[in-house]
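Engineer: The sequence shown runs 614 to 783 under our numbering.
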Amino acid sequence: MNGAELAQIILKEEGIGENHYEIKVGRSRVVYNKINSQIHLKTEVLEGTGLEHLLISAHEVSHLLNNETNFKTYHFFKIIKYMYGTALVFVGLNIVLYFFGLFSLSLTIFLNILLILITPIMVGLYKKDERDADKRAINYIQKYSNHKNDLATLMKEREANLILVLMMEY
Ligand SMILES: [Zn+2]
Numbered sequence: 614m615n616g617a618e619l620a621q622i623i624l625k626e627e628g629i630g631e632n633h634y635e636i637k638v639g640r641s642r643v644v645y646n647k648i649n650s651q652i653h654l655k656t657e658v659l660e661g662t663g664l665e666h667l668l669i670s671a672h673e674v675s676h677l678l679n680n681e682t683n684f685k686t687y688h689f690f691k692i693i694k695y696m697y698g699t700a701l702v703f704v705g706l707n708i709v710l711y712f713f714g715l716f717s718l719s720l721t722i723f724l725n726i727l728l729i730l731i732t733p734i735m736v737g738l739y740k741k742d743e744r745d746a747d748k749r750a751i752n753y754i755q756k757y758s759n760h761k762n763d764l765a766t767l768m769k770e771r772e773a774n775l776i777l778v779l780m781m782e783y
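If you want it as structure tokens, here you go:
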């Protein structure tokens, strides 16, 4: 079984139909869309049969499932990320305005307070999403692959079940 096949098995078992997602070659991540989400996986992950490849595949699929089953949290996360990005753009804009003598101190203070408030929420949501994806991925490997023993060894080595967060998004 390779990464692509494992992804298909998980999605099928979880009742996610093929018209709901598309598996594509790309940097490992999920591009969400309510009608047709895309799971991007590197070629070596799609074709790889090793434990690490299967873990990455299962992890990315798990992100999709996290959000399918927890749509409210996903939307909140999306809004927070959007706010964060917007605040950063305005911080940058304010630096440009500084050179034109139009710098606003009150806006800068407001944006900084906003960023200070949003950052821990965003980091918390990000960590939760990654942790939940790892937990799901580990369960799927135990359930569907023949790498159970390798997984047990790997988890023992890392002394935690957070395997992929440490590897980032590969
Ligand atoms: Zn992830």
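The beta-carbon is built from N, C-alpha and C at its ideal position, and this holds for glycine as well.
Reducing DSSP to helix, strand and coil, say where L779 ends up.
Structural biologist: As a first step, residue 779 must be located in the sequence shown, where it is residue number 166. At L779 the pLDDT is 45, less than 50, meaning the model places this residue with poor confidence and gives no usable figure here.
Engineer: Out of curiosity, what's the CA-to-CA distance linking L701 and Y711?
Structural biologist: By one-based count along the sequence shown, residue 701 stands at place 88. By one-based count along the sequence shown, residue 711 stands at place 98. Cα to Cα, L701 sits roughly 15 Å from Y711.
Engineer: Expressed to the nearest angstrom, what Euclidean distance is found between the alpha-carbon atoms of I636 and L724?
Structural biologist: Translated into the one-based positions of the sequence shown, residue 636 becomes position 23. Translated into the one-based positions of the sequence shown, residue 724 becomes position 111. Cα to Cα, I636 sits roughly 38 Å from L724.
Engineer: Out of T732, K741, R640, F716, point me to the one whose CA is closest to S670's CA.
Structural biologist: As a working mapping, residue 670 is identified with position 57 in the sequence shown. Selected option, being the one with the closest Cα: R640.
Engineer: Quick one: is the Cβ of D742 within less than 8 Å of any heavy atom of ligand 1?
Structural biologist: The count along the sequence shown starts at 1 and reaches residue 742 at position 129. True, at least one ligand heavy atom lies under 8 Å from that Cβ.
Engineer: Taking the beta carbon of H688 as the centre, do at least 16 other beta carbons fall within 10 Å, making it buried, or is it exposed?
Structural biologist: Counted from its first residue, the sequence shown places residue 688 at position 75. So H688 counts as exposed.
Engineer: Buried or exposed for A765, please, with buried defined as at least 16 other CB atoms from any protein chain shown within 10 angstroms of its CB.
Structural biologist: Counted from its first residue, the sequence shown places residue 765 at position 152. It is exposed - the Cβ of A765 has fewer than 16 other Cβ atoms within 10 Å.
Engineer: By the 10 Å Cβ neighbour count, where 16 or more other Cβ atoms means buried, how is F690 classified, buried or exposed?
Structural biologist: In the sequence shown, the residue the question calls residue 690 occupies position 77. Per the 10 Å Cβ criterion, buried.
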